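Here is the structure we will look at.
Protein chains: 2
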Amino acid sequence: MRWSDVGTLDCTIARTLSVIGDRWTLLVLRDAFLGTRRFEAFQASLGITRHRLADRLRKLVQHGVLRRVRYQDAPARFEYRLTEKGIDLYGVIAMLAGWGDKHMAGRGGPPVERVHRGCGHVATLQLACDRCGDTVTARDMTARPAGRLRTGRRARAAEEPA
Amino acid sequence: MRWSDVGTLDCTIARTLSVIGDRWTLLVLRDAFLGTRRFEAFQASLGITRHRLADRLRKLVQHGVLRRVRYQDAPARFEYRLTEKGIDLYGVIAMLAGWGDKHMAGRGGPPVERVHRGCGHVATLQLACDRCGDTVTARDMTARPAGRLRTGRRARAAEEPA
DNA sequence: GCTTTAGGTTCTAATTTGGAACTAAGGAGG
DNA sequence: CCTCCTTAGTTCCAAATTAGAACCTAAAGC
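Line order of the protein sequences matches chains A and B. Heads up: the first sequence begins at 1 in the working numbering, then just goes up one per residue. Heads up: the second sequence begins at 163 in the working numbering, then just goes up one per residue.
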């Protein structure tokens with residue numbers, strides 16, 4: 001199976017990865033969440049080739065994750081900003097950062113810390129159930145077929161992870 | 163810059179992506195969280211080539227995300243199970259699923275739903291601050307240089323996203 | 001004019017991936 | 001005891017993707 005076909009699968013994770021599951025794309029988004037907006041700034045920060053970067057940015061714009069905004073005429077210059085859809089990806093970045101800080105930090109610890117403006121503390125983000133508000137981990141959750149896939153069968157929970 | 167060098171960078175997100183930022187790896191993990199453990203099952207579910215799958219699983223084992231467990235002798239047969247470190251990646255998968263369900267669902271909605279055992283509801287997971295417990299989004303958070311990088315400078319918040 | 005800046009595009013060589021076939025080590029059926 | 005089946009891989013080649021470097025455009029500054 002070609003990677004270009006993955007986006008057509010009936011799995012929202014597979015489709016999501018067809019948009020952002022690229023080697024460099026999540027690093028582009030990391031920088032976008034740190035405030036980077038210009039082509040040259042992404043390129044300098046990431047060390048990605050200009051060709052790849054142009055391609056990645058174009059795809060993210062096509063998928064509505066970034067917007068290409070003209071910030072100057074004569075000569076025309078553009079910057080890339082997160083859309084609302086893009087801002088919704090913060091959770092993915094936050095979880096990657098949280099896992100990396102815990103399991104992959106080098107000597108001296110992580111180079112960036114994230115502060116919760118509301119309470120003023122350096123925070124690690126956790127998962128919370130939107131229905132009851134409790135914090136959850138993998139072991140508190142169960143997956144099952146949804147909607148039409150469940151019709152006509154007894155809904156049964158998938159097996160436990162690990 | 164070669165992708166193989168990304169893991170040496172002083173950024174925990176970059177290092178994390180050097181482990182799981184591969185085209186197929188997050189789909190392998192999605193299946194692992196749904197209970198898949200065997201080589202043939204991953205291969206059938208993903209449509210990845212056997213060669214790639216063997217390589218991906220080997221790398222995940224090397225990085226301590228999966229464990230290769232012998233479940234039968236004569237002939238020796240192995241299965242792959244999430245380690246604690248691997249289970250900690252649930253947040254990444256959950257956020258990808260949440261984003262995909264919201265922004266990429268096809269006709270008929272997402273094929274899998276996730277149930278919070280604690281309250282019994284189909285839940286979408288949100289981010290919560292581990293210090294104050296409030297749910298947060300990107301706009302509630304600020305990033306700044308941490309630890310040694312911050313020493314000798316006035317700590318200043320990075321710019322707002324978007 | 002000459003250089004610099006910003007945002008790209010083009011080219012080639014190296015690396016990675018897909019696809020399909022093959023191996024190994026038993027087990028089942030006849 | 002011969003052949004097919006299962007599981008978990010490995011090997012090989014062609015095709016696709018990527019890295020690295022050079023080049024292009026258009027205006028501004030000196």
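Think of the CB as a built atom: it goes at the ideal place given N, C-alpha and C, for glycine as much as any other residue. Bear in mind that the values here come from a model prediction, so they are computed numbers and not experimental data.
Going by the beta-carbon positions, is the gap between I210 of chain B and L189 of chain B smaller than 9 Å? Contact: yes.
Complete beta strand (DSSP E) runs within the region 177–236 of chain B (minimum length 3 residues, chain order): Within the region 177–236 of chain B, the complete beta strand (DSSP E) segments at least 3 residues long are 228–234, listed from N- to C-terminus.
Roughly how many angstroms lie between the CA atoms of H283 of chain B and R139 of chain A, to the nearest whole one? C-alpha separation (whole angstroms): 15 Å.
Reduced DSSP secondary structure (H/G/I, E/B, other) of T286 of chain B: Three-state DSSP puts T286 of chain B in coil, outside helix and strand.
Do you know offhand how far V223 of chain B's Cα is from R58 of chain A's? If you draw a straight line from the Cα of V223 of chain B to the Cα of R58 of chain A, it is about 35 Å long.
Contacts around L98 of chain A, its chain only, beta-carbon distance under 7 Å, and the 5 residues preceding and following it disregarded: It is Gly, not Leu, that sits at residue 98 of chain A in the sequence shown. Cβ within range, chain order: T124, L125.
Just the Cα atoms here: how many angstroms apart are A267 of chain B and R15 of chain A? C-alpha separation (whole angstroms): 8 Å.
Would P272 of chain B pass as a contact of G280 of chain B if the rule is Cβ separation under 9 Å? Result no, Cβ atoms of P272 of chain B and G280 of chain B do not sit closer than 9 Å.
Best match in B:C173, B:D167, B:S166, B:R164 for proximity to R306 of chain B [C-alpha to C-alpha]: Checking every option, the nearest Cα to that of R306 of chain B belongs to B:C173.
I want to verify the contact list: residues of chain A whose CB lies under 9 Å from the CB of H283 of chain B, in sequence order. Within chain A, the residues whose beta carbon sits less than 9 Å from that of H283 of chain B are C129, D130, R131, C132, listed in sequence order.
Between which two residues does the beta strand (DSSP E) holding M141 of chain A run? Start and end: 141–145.
Just to confirm my understanding: we take L53 of chain A, look at its own chain, exclude 5 residues before and 5 after, and list those with CB closer than 8 Å. What are they? Closer than 8 Å at Cβ, skipping near neighbours: W24, V28, F39, F42, Q43, L46.
At 9 Å on the CB atoms, spell out the chain B contacts of Y80 of chain A, in chain order. Residues of chain B with a Cβ closer than 9 Å to the Cβ of Y80 of chain A do not exist, since the nearest Cβ in that chain sits about 11 Å away.
On the DSSP letters alone, give me the boundaries of the beta strand (DSSP E) that V115 of chain A sits inside. Run containing V115 of chain A: 112–116, per the beta strand (DSSP E) assignment.
Should R232 of chain B and A238 of chain B be called a contact, given that it needs their Cβ atoms to be closer than 9 Å? Inclusion of R232 of chain B and A238 of chain B in the CB contact set at 9 Å is warranted, their separation being smaller than that value.
Residues that R81 of chain A bridges to, as DSSP identifies them: In DSSP, R81 of chain A forms a bridge with A:R67.
Taking C-beta pairs closer than 9 Å, name the residues in chain B that A105 of chain A reaches, listed in chain order. Residues of chain B passing the Cβ test: T174, R177.
Mind checking the region 52–77 of chain A against chain B and listing, in chain order, the residues whose C-beta falls within less than 7 Å of any C-beta there? Correct list: empty, as no residue qualifies.
Could you give the DSSP three-state label for T299 of chain B: helix, strand or coil? It is coil, neither helix nor strand.
To the nearest whole angstrom, what separates the beta carbons of A308 of chain B and E113 of chain A, a pair I think is in contact under 8 Å? Going by Cβ atoms, the distance from A308 of chain B to E113 of chain A rounds to 4 Å, so yes, they are a contact pair.
Name the DSSP beta bridge partners of C119 of chain A, please? C119 of chain A pairs with nothing; no bridge assigned.
If you follow the alpha helix (DSSP H) that M95 of chain A is in, where does it begin and where does it stop? Taken as a continuous stretch (DSSP letters only), the alpha helix (DSSP H) holding M95 of chain A covers 90–103.
Exposed or buried, what is C291 of chain B when buried is set at 16 or more other beta-carbons lying within 10 Å of its beta-carbon? Per the 10 Å Cβ criterion, buried.
Could you give the distance in angstroms between the alpha-carbon of S18 of chain A and the alpha-carbon of T36 of chain A? Distance between the alpha carbons of S18 of chain A and T36 of chain A is about 23 Å.
Which chain A residues sit within Cβ distance under 8 Å of A203 of chain B? Contact note: A203 of chain B does not reach chain A at a C-beta cutoff of 8 Å; the least C-beta distance is about 12 Å.
Hey, does V190 of chain B have any beta-carbon neighbour from chain A nearer than 9 Å? Nearest CB-CB separation between V190 of chain B and chain A: not below the 9 Å threshold.
Nearest-angstrom Cα distance between I87 of chain A and I175 of chain B? A straight line joining the alpha-carbon of I87 of chain A with that of I175 of chain B spans about 17 Å.
Return the CA-CA distance between R136 of chain A and A74 of chain A, expressed in angstroms with no decimal places. Before going further, note that residue 136 of chain A is Val rather than Arg in the sequence given. Each residue's alpha carbon lies about 52 Å from the other.
Pick from A:E84, A:M1, A:W3 that is closest to F33 of chain A, judged by C-alpha positions: Shortest Cα-Cα distance from F33 of chain A to any of A:E84, A:M1, A:W3 involves A:E84.
Answer with buried or exposed for H213 of chain B, where buried requires no fewer than 16 other C-beta atoms within 10 angstroms of its C-beta. Per the 10 Å Cβ criterion, exposed.
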